[in-house]
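In my numbering, the protein residues as written are 797 to 1013. A virtual CB, placed ideally from N, CA and C, is assigned to each residue, including glycine. Comments concern the structure below.
Put into structure tokens, the structure is as follows:
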């Protein structure tokens, strides 16, 4: 006699109901939305690195403003000190040893001041370097002039011409630096600051605008 097959003693697990599947989908979407909101919030807020960079930039800007003010004041004093030297080198009168010594002393003081290394913003460094180059060129002109005085009168002219050219280059370099200094003052909120030399007879100089001092913020 054949054996009868009975009903299995186990039951197949029931699959998730439609309601369960819907709830699962909704839960997944809610979790994804929450993650997105958190990521957006975190990325929108400045992190510690951003805040540190911003603070460094603020400190650099404040330091640069102080340096621009100091450099402008010094440039004005330097201009007053070297103008008599520039004018004297172009003169036709006799220059004695005492006068030459005063010229050397005047330009040496300015060369020494601008020789000091000061770390600042690039634009400020450019202005400072231009002024330094100008006073160094003027110092060279004074020494060339002194060398000419030591020569016999018949041999002086070529050396005096070289001194005159160095003088012109010094004034030209100053005009470029003065233009740069004027611009960084405007950028720093100080308005136009003109430190141009009042020297006539040299072509190719950069000249300042006609705007009053302190305007053009």
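Item	Value
Limits of the alpha helix (DSSP H) - the one that residue 940 falls within	918 to 945
Spatial neighbours of residue 737 in its chain, beta-carbon cut-off 7 angstroms, leaving aside the 5 residues before and after	Because the chain spans 797 through 1013 in this model, residue 737 falls outside it and cannot be assessed.
Delimiting residues of the alpha helix (DSSP H) encompassing residue 982	952 to 983
Where residue 807 falls: helix, strand or coil (DSSP)	For residue 807, the predicted model reports a pLDDT of 49, less than 50, meaning its position is unreliable and no value from the coordinates is stated.
Alpha helix (DSSP H) segment containing residue 989, residue limits	No alpha helix (DSSP H) holds residue 989; DSSP gives it neither H nor E.
Beta-carbon spacing of residue 937, residue 959 below 8 angstroms	yes
Top-ranked residue by Cα proximity to residue 1007, from 979, 1001, 998, 999	979
Distance CB(residue 881)-CB(residue 897) smaller than 8 angstroms	no
N-terminal and C-terminal residue of the alpha helix (DSSP H) that residue 893 is part of	893 to 911
Beta-carbon separation (whole angstroms), residue 972 vs residue 1012, contact threshold 8 angstroms	About 19 angstroms separates the two Cβ atoms, so there is no contact after all.
The region 919 to 933 / the region 945 to 956 touching (three or more Cβ pairs under 8 angstroms)	no
Cα-Cα separation between residue 948 and residue 889, rounded to whole angstroms	17 angstroms
Counted within 10 angstroms of its Cβ, other Cβ atoms place residue 862 as buried (16 or more) or exposed	exposed
For residue 1003, the nearest candidate out of 969, 870, 895, 879 (CA to CA)	969
For residue 871 and residue 740, believed in contact at Cβ under 8 angstroms, the rounded distance	Nothing in the structure corresponds to residue 740, since the chain is present only between 797 and 1013.
Contact check, residue 1010 vs residue 987, beta carbons under 8 angstroms	yes
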